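Asker: Please see the structure below; I have some questions.
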Amino acid sequence: MAKVEDFFTLTNSVEGIDDEQYQHLDPMIRAIDAMANATYQSIYVIDYLKKGFLHVASNPLFLCGHTAEEVRQMGYRLYIDHVPAEEQPMLTEINEVGFKRFNEEPINARSRCYMSYDFHIVNREDRFLVNHKITPFALAPDGRAWLAMCVVSLSHHSTPGHIEFHRKGRPTYWEYDLESHCWQQRMIITLKPQEKQVLILSAQGYTVQQIAEKMCRALDTVKTYKRALFERLGVRSITEALTVATNEGLI
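All residue numbers for the sequence shown refer to the working numbering, where the first residue is 256 and numbers rise by one.
Rendered as structure tokens:
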């Protein structure tokens with residue numbers, strides 16, 4: 256089983272932050288709470304200088320039956336208590352390799368980076384797979400991550416892992432292989448205009464027949480678009496397609 260200190264690496268040892276800088280964070284924290292009010296996703300902020308959680312919004316998905324303040328005080332202990340023991344080494348490995356990958360990015364591009372991965376959360380008898388996205392919220396003077404904002408949502412996958420490192424505006428991303436322990440570069444998914452239109456109309460509740468009529472295409476043609484869309488996104492349903500497309504900023 257992991258220990259709290261396993262989640263903190265010398266690769267991201269933070270220095271050069273004083274108390275005055277913390278005093279300027281209140282407007283940003285209020286903005287996070289406002290954002291949390293508009294979504295079911297859980298949002299929290301990691302403080303890598305103080306090695307804990309700076310703030311936790313009150314959305315219940317990530318709280319595991321605790322209050323937001325209890326989770327803030329627990330910090331990384333939450334992972335140890337509520338992530339299956341067999342997945343905790345994966346999280347500590349992600350932490351280590353993720354910071355190494357992050358520090359290879361130019362300092363002026365680091366604020367546009369984020370990492371995404373899936374793991375299980377256990378809350379008493381309930382066990383569910385979540386997607387965890389983490390992005391820099393504030394950088395230390397040397398460009399290391401001082402604060403990071405994390406967004407937790409339900410995963411569309413069925414297994415943990417699926418570790419990706421992205422930089423907004425770049426046509427490629429990095430995917431981490433837990434077996435080879437190496438990063439592999441991949442091309443960003445793009446949708447053809449017809450596939451995007453099928454997805455948007457499906458999100459609006461139209462049937463395949465109605466979509467064909469709106470697009471002035473044969474029913475079989477629209478079904479072909481839909482199959483290609485599912486294959487491109489690696490999903491099996493419109494619900495999953497919408498989740499992936501939204502998470503990847505494709506629509």
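For glycine and all other residues, C-beta sits at the position ideal for the given N, C-alpha and C. These figures come from a predicted structure and were not determined experimentally.
So does Glu342 have its beta carbon nearer than 7 Å to some heavy atom of the ligand GDP?
Answerer: For the structure depicted, the ligand GDP is absent and the ligand set is empty, with no information on it obtainable.
Asker: Just mark Phe383 as buried or exposed, buried being the case when its beta carbon has 16 or more other beta carbons within 10 Å.
Answerer: So Phe383 counts as exposed.
Asker: Within the continuous beta strand (DSSP E) that includes Ile298, where are the two ends?
Answerer: It spans Ser297 to Asp302 - the beta strand (DSSP E) in which Ile298 sits, taken as one unbroken run.
Asker: Restricting to Cα atoms, I'd like to know which of Trp438, Tyr299, Ile298 and His387 is closest to Val338.
Answerer: It is His387.
Asker: Taking a contact to mean a Cβ-Cβ separation below 8 Å, would you say Arg327 touches Val352 in this structure?
Answerer: Contact flag unset, no.
Asker: Just the Cα atoms here: how many angstroms apart are Trp429 and Glu270?
Answerer: Whole-angstrom Cα-Cα distance: 28 Å.
Asker: To the nearest angstrom, how far is it from the Cα of Pro344 to the Cα of Met470?
Answerer: Whole-angstrom Cα-Cα distance: 49 Å.
Asker: Using the C-alpha atoms, what's the distance from Glu486 back to Tyr295?
Answerer: Rounded to the nearest angstrom, the two C-alpha atoms are 28 Å apart.
Asker: Identify the residues that DSSP records as bridge partners of Phe420: which are they?
Answerer: Phe420 is bridged to Met370 and Trp429.
Asker: Unbroken beta strand (DSSP E) runs of length 3 or more, entirely within the region 331–392: which are they?
Answerer: Entirely contained in the region 331–392, the beta strand (DSSP E) runs reaching 3 residues are, in chain order, 368–378.
Asker: With DSSP run on the structure shown, which of helix, strand or coil describes Met442?
Answerer: Reduced to three states, the DSSP call for Met442 is strand.
Asker: Three-state secondary structure (DSSP) at Leu316?
Answerer: In this structure, Leu316 counts as helix in the three-state DSSP scheme.
Asker: Whether or not the region 446–464 and the region 370–379 are in contact is what I'm after, with contact meaning three or more pairs of Cβ atoms, one per stretch, closer than 8 Å; do they touch?
Answerer: Taking 8 Å as the limit for Cβ pairs, the verdict is that the region 446–464 does not touch the region 370–379.
Asker: From the DSSP output, read off the bridge partner residues of Leu402.
Answerer: Asp302 and Ala393, per the DSSP bridge assignment.
Asker: Could you give the DSSP three-state label for Ser408: helix, strand or coil?
Answerer: Here Ser408 sits in strand by DSSP.
Asker: So, under 8 Å CB-CB, Ala257 and Ile335 are touching, yes? Tell me the CB distance rounded to an integer number of Å.
Answerer: That belief holds up - the Cβ atoms of Ala257 and Ile335 are roughly 6 Å apart, short of 8 Å.
Asker: Starting from Phe454, trace the beta strand (DSSP E) both ways and give me its first and last residue.
Answerer: Note that residue 454 is Leu in the sequence shown here, rather than Phe. Segment Pro448 to Ala458 is the alpha helix (DSSP H) holding Leu454; no beta strand (DSSP E) there.
Asker: Which term fits Met329, buried or exposed, when burial requires 16 or more other beta carbons within 10 angstroms of its beta carbon?
Answerer: Classification of Met329: buried, given that the 10 Å Cβ count is 16 or more.
Asker: On a CA-only basis, which of Asp288, Gly320, Leu488 and Tyr331 is nearest Phe308? Give me that one, please.
Answerer: That would be Tyr331, whose Cα lies nearest to the Cα of Phe308.
Asker: DSSP state of Val311, grouped into three classes?
Answerer: Note: Val311 maps to strand in three-state DSSP.
Asker: Going by the beta-carbon positions, is the gap between Gly424 and Arg367 smaller than 8 Å?
Answerer: Against a cut-off of 8 Å, the Cβ pair of Arg367 and Gly424 comes out as a contact.
Asker: Nearest-angstrom Cα distance between Glu325 and Val406?
Answerer: For Glu325 and Val406, the distance between alpha carbons rounds to 18 Å.
Asker: Per DSSP, Cys471 forms a beta bridge with which residues?
Answerer: Paired residue(s): none; Cys471 is not in a bridge.
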